[in-house]
DNA sequence: GTCAAGGTTCACAGATCAGTATACCTATGA
DNA sequence: TCATAGGTATACTGATCTGTGAACCTTGAC
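Residue numbers (the UniProt record's numbering), protein chains in the order written: chain A, 1 to 190; chain B, 1 to 190.
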């Protein structure tokens, strides 16, 4: 996978256009011609930079993954209380959701790309594993009992809020509250 | 929407083939030619019966919705304890998941069909609202305190387990356990 | 015996799909 | 001065997409 920093100006515009179109309309429904047009480049440049549509899809998810992880990390770091840090991804999700109302791009991508050998498949799956591991680490650092089970519960709450987000049922607030309660209950002395 | 009972034999075979293909490969990625071939019919028959691919997609989701609701209802009815009945959809999901390992067909459909005016859009959204209302009714019947908030939490847990199902992380067992604990905690005297 | 409904066969239209070929332009740096 | 890299412009291939037209077959009901 090509690094984002190594990309040419046209390459960056292509990924940006792909991100907006793929996320809002779906991957299969968006053709490379449209992406080239929206990015102000040509299909030739797109193929020179990325080789295939599949690789561009992978680049789209990798870019998005990078941005999401960096938001989560900075949100975690700005909590000084380690107990509050455990639920920081829920706070990050609230900010993230303001500009992303079509659910989880990785889950959506997995829905469209069932083939495990697709270059984008592993990126989407890894994002969830990363979050699960992060929850485990944060719960352990906060001294929570049963950090593995707690992390799985937090992941489910997080993904459930994200999956139901397009339905606008206010699930994020409810799941954030429950997540906080679970963490507090798992911390021995408080 | 045409009733399933009113469908001709060829129509039923077409919906069955569409269900398998749409769920396993994605909606946009599957063409009507393939569906006609797999169902042992012709494209002409498909269009005579359903009018358009979009309508067939709606029929696919409606059929699936009907089957899922009937499984949930029968699972609810076989619990004699009203407290156990509240988490019956989680039990139904365990059975359902044995043959459906590609996540939630409705969430996946929403990922591919962002247009709210698409005939399938409302069907997918309604399925989630139905489940939320069912949780509310069951929680109320079981005498739970704060049934609305509890129902939202249960929905999030349910959808979270479903969304992370393709990742095979064992989230269903964990979320079922948490759901049971939440219901028990909301029942006054037990 | 006739008529209609369900279904098949097959050809076709028009659009769009991913991906390639070829030629050209322009700036940078050795 | 000249090569190279990044990019543009444009036409093209072959496949696939949704959807239609028209003729024909079969079966059951009246």
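Backbone N, C-alpha and C fix where the C-beta goes; we use that ideal spot for every residue, glycine too.
Collapsed DSSP secondary structure at residue i in the structure displayed
| i | result |
| --- | --- |
| residue 232(A) | One cannot answer for residue 232(A) here, as it falls past the ends of chain A, which runs 1 to 190. |
| residue 122(B) | helix |
| residue 37(A) | helix |
| residue 278(B) | Chain B is shown only over 1 to 190; residue 278(B) falls outside these bounds and no answer can be derived. |
| residue 91(A) | helix |
| residue 160(B) | helix |
| residue 78(B) | coil |
| residue 54(A) | helix |
| residue 8(B) | coil |
| residue 46(B) | helix |
| residue 112(B) | helix |
| residue 150(B) | helix |
| residue 29(B) | coil |
| residue 98(B) | coil |
| residue 71(B) | helix |
| residue 188(A) | coil |
| residue 24(B) | helix |
Rounded separation between residue i and residue j - CA only
| i | j | result |
| --- | --- | --- |
| residue 104(B) | residue 19(B) | 13 angstroms |
| residue 15(A) | residue 21(A) | 10 angstroms |
| residue 46(A) | residue 35(A) | 9 angstroms |
| residue 155(A) | residue 55(B) | 35 angstroms |
| residue 162(A) | residue 78(B) | 32 angstroms |
| residue 160(A) | residue 59(A) | 26 angstroms |
| residue 86(A) | residue 185(A) | 13 angstroms |
| residue 37(B) | residue 49(A) | 38 angstroms |
| residue 73(A) | residue 140(A) | 16 angstroms |
| residue 149(A) | residue 116(B) | 38 angstroms |
| residue 144(A) | residue 138(B) | 32 angstroms |
| residue 51(A) | residue 95(A) | 34 angstroms |
| residue 175(A) | residue 136(A) | 18 angstroms |
| residue 84(A) | residue 173(A) | 15 angstroms |
Residue i at chain B interface by Cβ criterion, 8 angstroms
| i | result |
| --- | --- |
| residue 174(A) | yes |
| residue 111(A) | yes |
| residue 114(A) | yes |
| residue 102(A) | yes |
Outcome for residue i when other beta-carbon atoms lying within 10 angstroms are tallied against a minimum of 16
| i | result |
| --- | --- |
| residue 64(A) | buried |
| residue 66(A) | exposed |
| residue 191(A) | Only positions 1 to 190 of chain A appear in the structure, and residue 191(A) is not among them; the question remains open. |
| residue 75(B) | buried |
| residue 147(B) | buried |
| residue 112(A) | buried |
| residue 70(A) | exposed |
CB contact below 8 angstroms: residue i versus chain A
| i | result |
| --- | --- |
| residue 108(B) | yes |
| residue 143(B) | no |
| residue 125(B) | yes |
| residue 146(B) | no |
| residue 87(B) | no |
| residue 169(B) | yes |
| residue 132(B) | yes |
| residue 178(B) | yes |
The ligand NAP heavy atom lying under 7 angstroms from the CB of residue i
| i | result |
| --- | --- |
| residue 103(B) | Because no ligand of any kind appears in the structure shown, any question about the ligand NAP cannot be addressed here. |
Can you list, in chain order, the residues of the segment 148-165 of chain A whose Cβ is nearer than 9 angstroms to any Cβ on chain B? 149, 152, 153, 155, 156, 157, 158, 159, 160, 161, 162, 163, 164
Which of the residues in the UniProt domain "HTH tetR-type" (8-68) of chain B, read from start to end, lie with their CB under 8 angstroms from any CB of chain A? 24, 25, 26, 28, 29
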